[in-house]
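Down below is the structure, laid out as structure tokens.
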Amino acid sequence: MLIWIVFAAVATAVVASLLHPLASSHVRIDGGGDAGRVYRAQLLELERDVETDQLGRTEYDYARAEVARRLFRASEQQAEVLDSPSHAHRWPKLVIVAFLPLANIGLYELLGSPDLTSQPLQARLEDPGQNLAMLIVKTERHLASRPDDGRGWNVIAPVYLRTGRLPEAEIAYRNALRILGPDMDRLGGLAEALMAEAQGSVSADTLDVLRQILQLEPKNPRALFYIALSFEQAGRRAEALADFEALAKSSPAGAPWLSLVNKHIAANGGVPLIAVAREPRMTDQRGSQ
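Quick note: the sequence shown uses our numbering, first residue 93, plus one each step.
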């Protein structure tokens, strides 16, 4: 019954995510240049391996898809909110932030064991990974007895994904979606798990998830990219080219995935429509503040 520990940790992350947009009055895509540089270097290395016959064409295609998956994930982690919320929208979030700790206290009152002796600090510091492993085990036991607890599945799914337990991540995301319904985080996590399991191959199952993402966010670049990639992998080059070109046109200047999209445009017989954006400079960042 100590599942509250995990929920409290997640609540802390939620507080941080809610406070972040309140601290800024505008947005930019920040850090995208760093992600773009790293993954462009990886693409160049893959191309060199192909040229020297160290990597086959099929392996290259799957490796490039995996690079794309990592690039979009890094880009989403680095993206900042484009518009500051109005004062009218700030107050509800501040109220949420204020009451989350109170909710945790109430949850602890119901499920916690305040009389238990604390584990010595030194023991916890010597093996910090043990705490995560214990939390995972406790969550799994909780879900075994309460399989319809959507919150539990929603909590454990990204943990499975980040620790490389892909089959478990897929199951957890599907259960969370079944119980709690679709949202961008759950659908995006499921798509990422499926892509990672398939080593970059876009299956029909993944396509279905990507289309659900587009129903919630029609211009989601990751979903649009992978749908275009599915056409490319199926040999439908004309459709792939059209989709990649549309993505290039709709992408903001400075988007770190533009270089990758342009490579796919060229690979499918087209001409890149948008030049790779220049890397952000300190002067650019100062000017946007």
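We put the beta carbon where it would ideally sit given N, CA and C, even for glycine.
TODO: State the CB to CB distance for the pair residue 272 and residue 246, rounded to an integer number of angstroms; the pair is presumed to be in contact (CB under 8 Å).
DONE: Indeed they touch by this definition, with Cβ atoms about 6 Å apart.
TODO: Tell whether a beta-carbon distance below 9 Å holds between residue 288 and residue 302.
DONE: Taking 9 Å as the cut-off, the Cβ atoms of residue 288 and residue 302 do not count as close.
Open item on the list: Our contact map puts residue 160 next to residue 352 with C-beta atoms below 8 Å; I'd like the distance itself, whole angstroms only.
Closed with: 6 Å
Open item on the list: Whole angstroms are fine: how far does the CA of residue 318 sit from the CA of residue 300?
Closed with: Looking at the two C-alpha atoms, the distance is approximately 11 Å.
Task: Whole-angstrom distance between residue 140 and residue 228, CA atom to CA atom - done: 41 Å
Open item on the list: Taking a contact to mean a Cβ-Cβ separation below 9 Å, would you say residue 248 touches residue 236 in this structure?
Closed with: Judged by beta-carbon spacing, residue 236 lies beyond the 9 Å limit of residue 248, meaning their Cβ atoms are not closer than that value.
TODO: Could you have a look at residue 349 and say whether DSSP puts it in helix, strand or coil?
DONE: coil
Open item on the list: If you reduce the DSSP assignment to three classes, tell me which class residue 272 lands in.
Closed with: Reduced to three states, the DSSP call for residue 272 is helix.
TODO: Express the C-alpha separation of residue 276 and residue 321 in angstroms, rounding to a whole number.
DONE: 20 Å
- [ ] Measuring alpha carbon to alpha carbon, tell me which of 323, 340, 305 ends up nearest residue 294.
- [x] Considering only 323, 340, 305, the residue with the shortest C-alpha distance to residue 294 is 323.
- [ ] For residue 363, count neighbouring Cβ atoms within 10 angstroms of its own Cβ and tell me buried if that reaches 16, exposed if not.
- [x] exposed
Task: Whole-angstrom C-beta distance between residue 349 and residue 343, which should lie under 8 Å - done: 7 Å
Open item on the list: For residue 269, which residues in the same chain have their Cβ closer than 6 Å to its Cβ, ignoring the five residues on either side in sequence?
Closed with: 278
Task: Alpha carbon of residue 327 to alpha carbon of residue 157, nearest angstrom - done: 15 Å
Task: Range covered by the alpha helix (DSSP H) that runs through residue 242 - done: 242 to 254
- [ ] Please report how far the alpha carbon of residue 234 lies from the alpha carbon of residue 305, in whole angstroms.
- [x] 29 Å
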